[in-house]
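Notes to accompany the following structure.
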Amino acid sequence: MKTTTKIITLLVTAMFVMVLLVGNSVLAQQAKAKAWPVGDKDKAMKAPAKADVNAGKELWAKHCKSCHGSKGLGDGPKAGTLKTNPGDFSVAAFQGSTDGELFFRTSKGRDEMPAYEKKIPEANDRWALVAFMRTLKK
Ligand code: HEC
Numbered sequence: 030m031k032t033t034t035k036i037i038t039l040l041v042t043a044m045f046v047m048v049l050l051v052g053n054s055v056l057a058q059q060a061k062a063k064a065w066p067v068g069d070k071d072k073a074m075k076a077p078a079k080a081d082v083n084a085g086k087e088l089w090a091k092h093c094k095s096c097h098g099s100k101g102l103g104d105g106p107k108a109g110t111l112k113t114n115p116g117d118f119s120v121a122a123f124q125g126s127t128d129g130e131l132f133f134r135t136s137k138g139r140d141e142m143p144a145y146e147k148k149i150p151e152a153n154d155r156w157a158l159v160a161f162m163r164t165l166k167k
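FYI, in this note's numbering the residues of the sequence shown are 30 to 167.
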C-alpha cells in the first residue's frame, strides 16, 4: 500500500510539473512585432552619400547580429530571450520599408530594439547599416 501511495504521489507531481511547463511555454511565446509607423518626413529621408555596405556589414556583426542573426532572419543567439520577435529582414514585408524608415527605426529604437543614435553616433554609419540590410533580401 505504501508503495502505491508513493507511486500515485509521484505521478500526480509529474503531471503537475508537465501542466506547469506546457502553460509556461505558451505564455513565453514571442509576440509578433506591431506595425511601426514613421512620420512622412523621416520616411522620405535618403542617405546623403553612397553608403558603404562593407562598413555596414562590420557594424551589423558587432551590434545587430546577436538578435537579428547574421542573415537578418531574426535567429541571433539572443533572439530567444526577447519578448518580441525581431522579425525576418529577408522578406518583402521588411524590404518594402523605405531607407528612411529603416534609418529611423535603427536610430530611435523601440522597446527591446535599442536606439543606436548614441551608440553609433555617425549618421553615415547608420546609413551603411541600412545599405547592408538591403543585401539581406532573398
Ligand atoms: C537586443 C536585441 C536587438 C539588437 C541588438 C538589435 N535589434 Fe533591431 N530589433 C529588435 C527587436 C525585438 C525588433 C522589433 C521591435 C519592435 O517592432 O517593437 C527590432 C526591430 C528592428 C528594425 C525594424 C524592423 C522593421 O520591420 O522595420 C530595424 C530596422 C532594426 N531592428 C535594425 C537593427 C540594427 C541595424 C541593429 C544594430 C545596429 C539592431 N536592430 C540591433 C531587437 C534588436
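Just so it is clear, CB atoms sit at the ideal spot from N, CA and C, and this is done for glycine as well.
Any non-hydrogen atom of the ligand HEC closer than 6 Å to residue i Cβ
i, result
"Pro66", "no"
"Thr135", "yes"
"Ser126", "yes"
"Phe45", "no"
"Glu151", "no"
"Ala62", "yes"
"Asp140", "yes"
"Ser95", "yes"
"Phe132", "no"
"Leu170", "Residue 170 falls outside the range modelled here, since the chain spans only 30 to 167, and no answer is possible."
"Thr164", "no"
"Leu158", "yes"
"Pro115", "yes"
"Leu102", "no"
Min CB distance residue i to chain B below 7 Å
i, result
"Glu130", "The structure shown contains no chain B, having only a single protein chain."
Identity of the residues DSSP links to residue i by a beta bridge
i, result
"Ala60", "Thr113"
"Met142", "Arg139"
Is the stretch 130-143 touching the stretch 66-81 in the sense that three or more CB pairs, one from each, lie closer than 8 Å?
In the pairwise beta carbon analysis, the stretch 66-81 is classified as touching the stretch 130-143: at least three pairs are separated by under 8 Å.
Taking 8 Å as the cut-off, does the stretch 105-125 touch the stretch 153-166 (at least 3 CB pairs, one atom from each stretch)?
yes
Specify whether the stretch 142-155 and the stretch 84-94 touch according to this definition: at least 3 beta carbon pairs, one from each stretch, less than 8 Å apart.
yes
Check whether the stretch 86-100 touches the stretch 140-149, taking contact to mean three or more Cβ pairs, one atom from each stretch, closer than 8 Å.
Under the three-pair Cβ rule at 8 Å, the stretch 86-100 counts as touching the stretch 140-149.
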